[in-house]
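Here is the structure we will look at.
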Amino acid sequence: MSKQVAALVALGVAITACGGDDDSSAENDRSSEEETTDDGLFGDAGDAGDAGDVGGGDAEGDLVGPAPVDAEEPASEPAEEPAQEPASDRPDDAADDAADDAASTESGDARDGDGGLFGEEETDDAEGRFDDNRFADYGYREFIDTEVDPLSTFALDVDTGSYSIARRWLDEGALPPIESVRPEEYINAFDYSYRVPRSGLEVSVDGGPSPFDPDNLLVRVGVQAEVVGDDERGDAALTFVIDTSGSMDRDDRLGLVKDSLSILVDELRDDDTVAIVTYSDTSGIVLEPTPASERRTILGAIDRLGPGGSTDLEAGLREGYELAREAFDPDGINRVILASDGVANAGVTDPGQLAAMIRDDADNGIDLVTVGFGMGNFNDETMEQLANQGDGFYAYVDTDDEAERLFENELTSTLVTVAKDAKIQVEFDPDVVRAYRLIGFENRGVRDSDFRNDDVDAGELGADHQVTAMYEIELQRGIELDDREQLGEVFLRWESPKSREVDEIDEDIDLRDIEPAWSNTPLDFQLATVVATFAEKLRDNPFADDVDLDSLVEEAWRLADDYSEQGSDNRDGDADQVEALAELIDRAAALS
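Under my numbering, the letters of the sequence shown match residues 102 to 693, in that order.
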């Protein structure tokens, strides 16, 4: 069994999320619960009402990991954001050996006999996809003592690439590398039932028991962007920058890129325009800005794309943005879409320098969407940093179904940017909340003092985008859930692209927003909790050590059944997507 897998299932190690005076009693309560219940993550959820009486636990800082981000670190300078400090709680060799360990799992056994005459060659090629991938390990957040720092501030992030990457690895029969797991991107991959504002953004708050510690709670902060109909948006000027280097010479890379672009062309309006730039050894314009009504011309240009040569990503971005500036529509939507495996081996190759290169264009209204393809010699770090600095989002396409979901549904519906430099700040009341930890967003931290500094770059949201943040909180001793107290307050701040005015809204977090019984929490809250827990287990976060994967599997399948019963025509998520989640968690448990 690999080191990563061994670390993932070391459930007997008694690592408590917060430590403190009640460690032994918490362990006893948990052991008792496991002996007497078998109902998924929470067993008898009705007992969760005792979560309000919580004991000690000293905060030990914001982040742990090889590249932690200080709570006061701005998100606008990604090259400086992760302070270079050694990991203190990671298994010493887990991050370094993740890809090698994943390749040594029993993934090949599941496909024995399925490859025809050349089955062995197919298996070798699949295992090669685990090699030479680049991910940035941002560590994980520790609990923060509320009396020391009651403020939690970060930039909103709508990326989903990390979840699709995990699905790709699990489909290949291996656990994803620890450093590839960003929990917020797992959570963002699903839809939730939030209030939809008429304009701008809206924030919703609820909560329930924590799966990580029976004495703690989870608080969910959901942000929903306004919905803009396709007939209400301006014309779109889309410039595709496509990697056609030799590394893209696979069906799951350039072949899938071509299929994806063909899907998108069918979704565009006649007055939208499409331009195509390719790059390998050098860059070149394949298609000048062309109206989407000339579908045959655009599809012909896509069909002629072919791979070969090295990878000068810098040249591709420079020519792509130059073409986008020429096609710029001040009253429309201007977007560059990069389709690549993220590799850069000619020209500028540093992710931070490449990201800084596009910052001025983002400020001038040309947003960047990065879409990753392929695995094996894949650079996730570059794709994520470019999207962050390009005021767009990062997605990963691993299958035809994902290409259809992204290019037919999500990309076209979110073309209109409705919020720029969106930041969130949660202020917890130290009289009620003893400590808290934010799950994910490790590389999106903003200085608390910069929340109302509108010169600080933050996150961008398109129409109908959602962002979900999950906090695990530890209440002060003696606080009960039926008390009429406030846990804190959520502040949301962003700039309207239309008016250029800055908007700010706030929402109280009341104890009455928290449901003590798991079975009584909203179905979409249960989904967000299961997804967050799955991510924490995959990245081997010690705070999830006491979560049993088999219990998580049981909970996921119950959710899939519940979603199937209520149907898919709702904003609470897609039944097929939830069933696919259950299958992934099941697969991860089997690999352990």
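Idealized CB from N, CA, C, for every residue including glycine. From a predicted model like this one, the values you see are computed outputs, not experimental measurements.
Quiz item: Sorted by chain position, which residues of the same chain lie with C-beta nearer than 8 Å to residue 685's C-beta, five sequence neighbours on each side aside?
Solution: As a working note, residue 685 is residue 584 in the sequence shown. So the qualifying residues of the chain are 267, 268, 271, 635.
Practice problem: Would you identify the three-state DSSP class for residue 497, choosing helix, strand or coil? | Solution: By one-based count along the sequence shown, residue 497 stands at place 396. Looking at residue 497 - three-state DSSP - the assignment turns out to be strand.
Quiz item: Which residue spans inside the stretch 587-639 form an unbroken beta strand (DSSP E) run of at least 3?
Solution: 587-596, 603-611
Quiz item: By how many angstroms is the C-alpha of residue 657 removed from the C-alpha of residue 679?
Solution: Taking the sequence shown and counting its residues from 1, the one referred to as residue 679 is at position 578. Taking the sequence shown and counting its residues from 1, the one referred to as residue 657 is at position 556. Rounded to the nearest angstrom, the two C-alpha atoms are 8 Å apart.
Quiz item: How about residue 481 and residue 281: are their beta carbons less than 8 Å apart?
Solution: By 1-based counting over the sequence shown, the position of residue 481 is 380. By 1-based counting over the sequence shown, the position of residue 281 is 180. The answer is yes: Cβ separation under 8 Å.
Exercise. Please go through the same chain and pick out, in chain order, the residues whose beta-carbon is closer than 7 Å to the beta-carbon of residue 626, but skip the five residues on each side of it.
Key: Here residue 626 refers to the residue found at position 525 of the sequence shown. Once the five neighbours on either side are set aside, the close Cβ partners of residue 626 are 307, 309, 321.
Exercise. Measure the C-alpha to C-alpha separation of residue 142 and residue 501 and round it to an integer number of angstroms.
Key: Position 41 of the sequence shown holds residue 142. Position 400 of the sequence shown holds residue 501. Taking the straight line joining both Cα atoms gives about 33 Å.
Quiz item: Of the residues 393, 377, 392, which one's Cα is nearest the Cα of residue 386?
Solution: Here residue 386 refers to the residue found at position 285 when the sequence shown is read from its first residue. When each option's Cα is compared against that of residue 386, the closest is 377.
Quiz item: Straight-line CA distance for residue 420 to residue 243?
Solution: Stepping through the sequence shown from its first residue, residue 420 is reached at position 319. Stepping through the sequence shown from its first residue, residue 243 is reached at position 142. Going by the C-alpha atoms only, they are around 43 Å apart.
Practice problem: Please report the Cβ distance between residue 253 and residue 539, rounded to the nearest whole angstrom; I am assuming they are in contact, meaning their Cβ atoms lie under 8 Å. | Solution: Indexing the sequence shown from 1 puts residue 253 at position 152. Indexing the sequence shown from 1 puts residue 539 at position 438. With a Cβ gap of about 6 Å, residue 253 and residue 539 count as contacting.
Quiz item: I think residue 470 touches residue 334, with their Cβ atoms under 8 Å apart; what is that distance to the nearest whole Å?
Solution: Taking the sequence shown and counting its residues from 1, the one referred to as residue 470 is at position 369. Taking the sequence shown and counting its residues from 1, the one referred to as residue 334 is at position 233. Not quite, the Cβ-Cβ distance comes to about 16 Å (not below 8 Å), so this is no contact.
Quiz item: Which word fits residue 599, buried or exposed, when buried means at least 16 other C-beta atoms lie within 10 angstroms of its C-beta?
Solution: Here residue 599 refers to the residue found at position 498 of the sequence shown. Residue 599 comes out exposed.
Quiz prompt | Candidates 457, 615, 463, 505: closest to residue 483 by CA position | solution = Against the sequence shown, residue 483 aligns to sequence position 382. Comparing Cα-Cα distances from residue 483 to each of 457, 615, 463, 505, the minimum goes to 457.
Practice problem: Measure the C-alpha to C-alpha separation of residue 681 and residue 557 and round it to an integer number of angstroms. | Solution: Here residue 681 refers to the residue found at position 580 of the sequence shown. Here residue 557 refers to the residue found at position 456 of the sequence shown. Straight through space, the alpha carbons of residue 557 and residue 681 are spaced by roughly 38 Å.
Self-check item: Assigned exposure category for residue 325 - 16 Cβ within 10 Å defines buried
Solution: Position 224 of the sequence shown, counting from 1, holds the residue named residue 325. Answer is buried; the Cβ neighbour count reaches 16.
Practice problem: Could you name the residues that DSSP lists as bridge partners for residue 386? | Solution: Looking up residue 386 in the sequence shown gives position 285. Answer is 378, bridged to residue 386.
Quiz prompt | Those residues which DSSP pairs with residue 257 across a bridge | solution = Counting from one through the sequence shown, the residue named residue 257 turns up at place 156. Its beta-bridge partners do not exist; DSSP assigns none.
Exercise. Quick one: grab the DSSP three-state call for residue 464.
Key: Here residue 464 refers to the residue found at position 363 when the sequence shown is read from its first residue. Here residue 464 sits in helix by DSSP.
Exercise. My understanding is that residue 384 touches residue 508, with C-beta atoms under 8 Å, so please give their C-beta distance in whole angstroms.
Key: Taking the first residue of the sequence shown as position 1, residue 384 is located at position 283. Taking the first residue of the sequence shown as position 1, residue 508 is located at position 407. The distance from the Cβ of residue 384 to that of residue 508 is about 23 Å, inconsistent with a contact at the 8 Å cut-off.
Self-check item: Neighbourhood of residue 389 by C-beta, 7 Å cutoff - its chain only, sequence neighbours within 5 removed
Solution: Taking the sequence shown and counting its residues from 1, the one referred to as residue 389 is at position 288. So the qualifying residues of the chain are 376.
Quiz item: What is the rounded straight-line gap between the Cα of residue 341 and the Cα of residue 369?
Solution: Locating residue 341 in the sequence shown gives position 240, counting from the first residue. Locating residue 369 in the sequence shown gives position 268, counting from the first residue. Going from the Cα of residue 341 to the Cα of residue 369 covers about 14 Å.
Self-check item: Nearest residue (CA-CA) to residue 429, options 643, 653, 339, 505
Solution: For this step, residue 429 is matched to residue 328 along the sequence shown. The candidate whose alpha carbon is nearest that of residue 429 is 339.
Quiz item: What are the start and end residues of each continuous alpha helix (DSSP H) run of 4 or more residues lying completely inside the stretch 467-555, in chain order?
Solution: 481-490, 501-505
Quiz item: Going by Cα to Cα distance, which pick from 410, 274, 463, 455 is closest to residue 436?
Solution: Against the sequence shown, residue 436 aligns to sequence position 335. Residue 436 has its Cα closest to that of 463, out of 410, 274, 463, 455.
Self-check item: N-terminal and C-terminal residue of the beta strand (DSSP E) that residue 340 is part of
Solution: As a first step, residue 340 is located in the sequence shown; it is residue number 239 there, counting from the start. First-last of the beta strand (DSSP E) with residue 340: 337-344.
Quiz item: Are the beta-carbon atoms of residue 639 and residue 319 separated by less than 8 Å?
Solution: Taking the first residue of the sequence shown as position 1, residue 639 is located at position 538. Taking the first residue of the sequence shown as position 1, residue 319 is located at position 218. No. Outside cutoff.
Self-check item: Buried versus exposed call for residue 533 [16 or more other C-beta atoms within 10 Å across all chains shown]
Solution: The residue given as residue 533 occupies position 432 in the sequence shown. Result: buried.
Quiz item: Would residue 559 pass as a contact of residue 256 if the rule is Cβ separation under 8 Å?
Solution: Taking the first residue of the sequence shown as position 1, residue 559 is located at position 458. Taking the first residue of the sequence shown as position 1, residue 256 is located at position 155. With respect to the 8 Å criterion, residue 559 and residue 256 are classified as neighbours on the basis of their beta carbons.
Exercise. Output the distance between the C-alpha atoms of residue 691 and residue 351, rounded to the nearest integer angstrom.
Key: To locate residue 691, count along the sequence shown from 1; it is residue 590. To locate residue 351, count along the sequence shown from 1; it is residue 250. Looking at the two C-alpha atoms, the distance is approximately 29 Å.
Quiz item: Taking Cβ to Cβ, would you say residue 515 is nearer than 8 Å to residue 563?
Solution: The count along the sequence shown starts at 1 and reaches residue 515 at position 414. The count along the sequence shown starts at 1 and reaches residue 563 at position 462. Yes, Cβ-Cβ distance for residue 515 and residue 563 is below 8 Å.
Quiz prompt | Neighbour-count burial assignment, residue 672, 16 or more Cβ in a 10 Å radius | solution = For the purposes of this step, residue 672 is taken as the residue at position 571 of the sequence shown. At residue 672, the pLDDT of 47 sits below 50, so the modelled position is not reliable and the matter cannot be decided from this model.
Exercise. Work out the CA separation of residue 620 and residue 659 for me, nearest whole Å.
Key: Taking the sequence shown and counting its residues from 1, the one referred to as residue 659 is at position 558. Taking the sequence shown and counting its residues from 1, the one referred to as residue 620 is at position 519. So the two alpha carbons sit approximately 11 Å from each other.
Quiz prompt | residue 185 to residue 284 span [Cα, whole Å] | solution = Taking the sequence shown and counting its residues from 1, one reaches residue 185 at position 84. Taking the sequence shown and counting its residues from 1, one reaches residue 284 at position 183. Note that residue 185 scores a pLDDT of 31, beneath 50, so its modelled location is shaky; the value from the coordinates is reported in the next line. Taking the straight line from one Cα to the other gives about 21 Å.
Self-check item: CA-to-CA distance, residue 354 to residue 525, given in whole angstroms
Solution: Taking the sequence shown and counting its residues from 1, one reaches residue 525 at position 424. Taking the sequence shown and counting its residues from 1, one reaches residue 354 at position 253. When rounded, the distance between both Cα atoms is 36 Å.
Quiz item: Cα separation between residue 541 and residue 643?
Solution: In the sequence shown, counting from the first residue as 1, residue 541 sits at position 440. In the sequence shown, counting from the first residue as 1, residue 643 sits at position 542. Approximately 14 Å between the Cα atoms of the pair.
Self-check item: Helix, strand or coil at residue 456 [DSSP, three-state]
Solution: The residue labelled residue 456 in the question sits at position 355 within the sequence shown. Three-state result, residue 456: helix.
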